[in-house]
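For reference, the structure discussed in these notes is given below.
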Amino acid sequence: MKEAKMYREYAADCVRIAQSMDEKDRETLLEMAEAWEDRAREAEQYAKKAEGER
1 MKEAKMYREY
11 AADCVRIAQS
21 MDEKDRETLL
31 EMAEAWEDRA
41 REAEQYAKKA
51 EGER
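Read left to right, the sequence shown gives residues 1 to 54 (the UniProt record's numbering).
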């Protein structure tokens, strides 16, 4: 699940940077943050599935 943690850190970075951007760039960064959160959830699901197969 270290991938999920890393992806969540990327999402947090996007949110942090978005706070200092204009509206258009903020929207883009927040969309990127959402995508990183999606990847984190997918990584967690994959890890749980892989654990169950062992």
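Using N, Cα and C, we set each Cβ at its ideal position, and we do this for glycine too.
Under the three-state reduction of DSSP output, Glu-51 falls in the helix class. Taken through DSSP and simplified to helix, strand or coil, Gln-19 comes out as coil.
CA-to-CA, the gap between Glu-27 and Glu-9 works out to about 18 Å. Ala-11 places its beta carbon 8 Å or farther from that of Glu-44. DSSP places Met-6 in the helix class (H, G or I) of the three-state scheme.
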